[in-house]
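Numbering (this note's numbering), first residue to last: 422 to 1003.
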């Protein structure tokens, strides 16, 4: 396929690997069937000519753990996974929208920003970069004027309360510059298909939803930014304002009024106001920032070492396995051998300028399995020390301070999953607060310790894929589960993920009792062979299984442990546990 089609494929893969393993696998199978010629534009022609003919989009509803209600009941988000072809259509739509002048990034919005390059491997910049950039800009303002306060607000049930017809009208107005092109109808049709999968609001999960959500808040952003200039900041539904004491009441009321005019309401229990010192004292300190860079550098060093000494891959992987450390060496090795990475390293070797990679390359002559293992152990100890020092209090005067502290601790805890020897996993529980915000993380670690998912499958989300990938990396075998205790509505997608990783096989008699769509959904994840369509309803599940006709069952392991191309990211599932929300 041509470079543009390849880029669309990568963007779809990088998005859905984090949300839906079945969609990701289906995409990989679909892409195997696309013509390989580098001059072929078959994929984009198929998308723009065939997909608009569909009556509705192909999506699958699934639950994702959200938290607990005030009464203690478990709450779930309604999420939606796009079928492989629908995922590609969304990636194509986003690639067009990012070029529309009226849809360029708003300087006061820090979530779901367009990529800096047309060839970037994601439809949006990495989510954490926007979050950290927002915090850095707020900190700069507070250092310039310590009399400022940070006022925090949160929109109540943002995505579910967005009016569908309103957002489609706004979108149409913004697409005026391309209304006479073939792309206009394609975009509008794709958006209609997206919205058709839910009765109200905007579905959570699909990448296209984020653009629509940003659109509907544009009047709010523009008005507040005109009033406060560089002191208004929005990240999804989280709004921060940097204000003088005498401004707080007026600007708070103005924000509430303009949101009400657009049909939104603020969460009364999430409003907060903190001083400059409270904000600055609870962000990453210099030591924490430095150590976070060391984790990225370790990853780069492992890549470079495997690039320079590919024959030592097994020795390095065995060393990590012997120590019970879940760093994905096999996936790093695959990345190091890709052509693009190889070419990039050769280019850096020839460079005259000094940068981090060049320094690392110069140090390769001293690099070996022992140095990598030693520094991994060092990072583990330092991360553990830092995590131990970040204390989450049981009672905070300010929810915003608590939120900042939680984000700091999560950053280190999520990475500790890849640095901690398996025998020390119980120590992770010692430094993890036993509060609702860390329930998902504690459940994940405890499940890995006892090698059971009986409790974890009740909280579907990134914790399940993290469990599966770490469990597989540590070669802990296969899990057993009493299917009689399974809550069909909540746990099915967790079982599908575990099946896709190959660490769980639901019993045949249990599968046979499922409704046809769910039965074929599980069969797809298990790569159960079939020779003709099991479903003929043009649904999400029908598309997945149709792609799998006459596909070798051994392909599952290949697709789960390799990448489509150089541009597809190496996924570290644990970094996403409780890392973001809506």
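Quick reminder that beta carbons are idealized off the backbone N, C-alpha and C, glycines included.
Assuming residue i contacts residue j (C-beta within less than 8 Å), just tell me the rounded distance between them.
i: residue 892; j: residue 869; result: 7 Å
i: residue 645; j: residue 653; result: 4 Å
i: residue 880; j: residue 486; result: 4 Å
i: residue 861; j: residue 998; result: 6 Å
i: residue 826; j: residue 721; result: With a Cβ gap of about 29 Å, residue 826 and residue 721 do not count as contacting.
i: residue 996; j: residue 835; result: 5 Å
i: residue 629; j: residue 611; result: 7 Å
i: residue 985; j: residue 449; result: 6 Å
i: residue 604; j: residue 748; result: Incorrect: roughly 43 Å between the Cβ atoms, too far for contact.
Could you tell me whether the Cβ of residue i comes closer than 8 Å to any Cβ of chain B?
i: residue 907; result: This model lacks chain B altogether, as it is built from one protein chain only.
What three-state label does DSSP hand residue i in the structure shown?
i: residue 1005; result: There is simply no residue 1005 to check, as the chain begins at 422 and stops at 1003 in what is shown.
i: residue 504; result: coil
i: residue 801; result: helix
i: residue 573; result: strand
i: residue 662; result: strand
i: residue 521; result: coil
i: residue 636; result: helix
i: residue 443; result: helix
i: residue 909; result: helix
i: residue 655; result: strand
i: residue 423; result: coil
i: residue 514; result: helix
i: residue 845; result: helix
i: residue 626; result: coil
i: residue 552; result: helix
i: residue 808; result: helix
i: residue 961; result: helix
i: residue 482; result: strand
i: residue 495; result: strand
i: residue 402; result: For the chain, the structure presents residues 422 to 1003; residue 402 sits outside this window and is missing.
i: residue 530; result: strand
Going straight from the alpha carbon of residue i to that of residue j, what length do you get?
i: residue 888; j: residue 864; result: 10 Å
i: residue 531; j: residue 559; result: 12 Å
i: residue 613; j: residue 477; result: 8 Å
i: residue 619; j: residue 631; result: 15 Å
i: residue 941; j: residue 468; result: 25 Å
i: residue 535; j: residue 606; result: 22 Å
i: residue 511; j: residue 844; result: 43 Å
i: residue 692; j: residue 671; result: 15 Å
i: residue 564; j: residue 697; result: 8 Å
i: residue 609; j: residue 588; result: 11 Å
i: residue 810; j: residue 699; result: 17 Å
i: residue 586; j: residue 990; result: 36 Å
i: residue 475; j: residue 668; result: 52 Å
i: residue 882; j: residue 923; result: 18 Å
i: residue 634; j: residue 677; result: 18 Å
i: residue 756; j: residue 982; result: 11 Å
i: residue 658; j: residue 681; result: 14 Å
i: residue 566; j: residue 651; result: 14 Å
i: residue 542; j: residue 625; result: 21 Å
i: residue 688; j: residue 456; result: 50 Å
i: residue 648; j: residue 674; result: 13 Å
Quick one: is residue i buried, meaning 16 or more other Cβ sit within 10 Å of its Cβ, or exposed?
i: residue 480; result: buried
i: residue 556; result: buried
i: residue 856; result: exposed
i: residue 754; result: buried
i: residue 973; result: exposed
i: residue 522; result: exposed
i: residue 898; result: exposed
i: residue 890; result: buried
(message) Does the segment 785-793 come into contact with the segment 724-741, if we say contact requires no fewer than three beta-carbon pairs (one atom in each stretch) closer than 8 Å?
(response) Judged by Cβ distances under 8 Å, the segment 785-793 makes contact with the segment 724-741, as three or more pairs qualify.
(request) Evaluate the contact criterion for the segment 555-572 versus the segment 584-597: three or more CB pairs, one atom per stretch, below 8 Å. (result) No, the segment 555-572 is not in contact with the segment 584-597.
(message) Can you confirm whether the segment 436-454 touches the segment 578-593 when touching is taken to mean that 3 or more C-beta pairs between the two stretches lie within less than 8 Å?
(response) Contact between the segment 578-593 and the segment 436-454 is absent, because fewer than three Cβ pairs lie under 8 Å.
(message) Between the segment 426-433 and the segment 509-523, can you find at least three pairs of beta-carbon atoms closer than 8 Å?
(response) Yes, since at least three Cβ pairs between the segment 509-523 and the segment 426-433 fall closer than 8 Å, the two stretches touch.
(message) With three or more beta-carbon pairs closer than 8 Å as the criterion, would you say the segment 926-935 touches the segment 952-968?
(response) Three or more beta-carbon pairs separated by less than 8 Å are not found between the segment 926-935 and the segment 952-968, which leaves the two stretches without contact.
(message) Tell me whether the segment 946-959 and the segment 971-990 touch, counting them as touching only if at least three CB pairs, one residue from each stretch, are closer than 8 Å.
(response) With a cut-off of 8 Å on Cβ pairs, the segment 946-959 is in contact with the segment 971-990, counting three or more such pairs.
(request) Decide yes or no for the touch test of the segment 516-532 against the segment 543-558: beta carbon pairs closer than 8 Å, at least 3 of them. (result) Judged by pairs of C-beta atoms under 8 Å, the segment 516-532 touches the segment 543-558, as three or more such pairs exist.
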